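Take 9 as the starting number for the sequence shown in the working numbering and just add one per residue. See below for the structure under consideration.
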Amino acid sequence: MDQEFWHSRWAENRIGFHLPDTNPLLIKYWSQLNPQRSDAVFVPMCGKTEDLNWLATKHADVVGVELSEIAVRAFFAEHFYTPTVTSIAPTMKLYTFDEISIYSGDYFSAPLETYPLMYDRAALIAMPEGMREQYTERLLSLLQPGGRILLVTLDYPQDQMDGPPFSVTASEVQSLFASCKVTHLNRDDECERPPKGKGATYFSEEVWLIEKP
């Protein structure tokens, strides 16, 4: 899954993965992380998600990273925010407005700090199988000791439907986060079905709490 794939998806507005409202799973399960307002929150591959705004009502520092600058600009424009834009490198900019900061560039090379809280709804499941270990290693390197992640994954027969989003099974979640305490919070077998034209015999959404020692 190369970067050009995601650039083209945003350029062509083929963003069926984007939710127009705050994810109800975030609202329901965020309290499981025992969040404090002073805790900074990291949201990898955030797109233009409304979840950033919801998190900003709860936290003073919400940091995202998103490959597509189209998505980053759209987030601020659609909310009539005028961000401060700082060029960090030829392919990396930082957009900041009040509590929200978004790095426009590659997740793997963004100059990120470490964070006590993270929220991943659409990042791990956007990774093909061969990239998930590298993605998770980077994520855990950015998570402070004692830090927590709210993780949302999908489970469906991968051979019946092309990703992204990809299926990430419970056993794979346990393996990827083997160094952490992994708690299964919810499985929804009645979640919204795959995009039109795609299909699978089952399609389930799962929620996890990941706690780093």
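A virtual CB, placed ideally from N, CA and C, is assigned to each residue, including glycine. As the structure is a computational prediction, the values presented were derived from the model and not from experiment.
In the three-state reduction of the DSSP assignment, G72 falls in the strand class. Assigned with DSSP and collapsed to three states, G207 falls in coil, not helix or strand. Of all C-beta pairs linking the stretch 123-139 to the stretch 95-113, fewer than three are shorter than 8 angstroms, placing the two stretches out of contact. One Cα belongs to L33, the other to A68, and the distance between them is close to 21 angstroms. Counting C-beta atoms within 10 angstroms of its own C-beta, E74 has 16 or more neighbours from the protein chains shown and is therefore classed as buried. Rounded to the nearest angstrom, the gap between the Cα atoms of A48 and G113 is 20 angstroms. With a cut-off of 8 angstroms on Cβ pairs, the stretch 56-68 is not in contact with the stretch 138-148, counting fewer than three such pairs. The three-state reading of DSSP puts N61 in helix, counting H, G and I together. Taking the C-beta atoms as reference points, P124 is found nearer than 8 angstroms to Q152. In the structure shown, G154 falls within a strand segment according to DSSP collapsed to helix, strand and coil. By the criterion of a C-beta distance shorter than 7 angstroms, L184 is surrounded in its chain by R140, E141, T144, once the five residues flanking it on both sides are discounted. The continuous stretches of alpha helix (DSSP H) do not include S109, which lies in the beta strand (DSSP E) extending over residues 108-112.
By the CB criterion at 8 angstroms, L193 and L162 fall outside the cutoff. The residues F25, A130, I133, A134, L162, in chain order, have a CB closer than 8 angstroms to that of P173 in the same chain once the five nearest residues on each side in sequence are set aside. For K36 and A178, the gap between their C-alpha atoms comes out near 21 angstroms. Per DSSP, I133 lies in no beta strand (DSSP E) segment and is marked neither H nor E. In the structure shown, V176 adopts coil according to DSSP, grouped into three states.
Here DSSP, grouped into helix, strand and coil, assigns P32 to helix.
Counted as a single uninterrupted DSSP element, the stretch harbouring A82 is not any beta strand (DSSP E) but the alpha helix (DSSP H) occupying residues 77-86.
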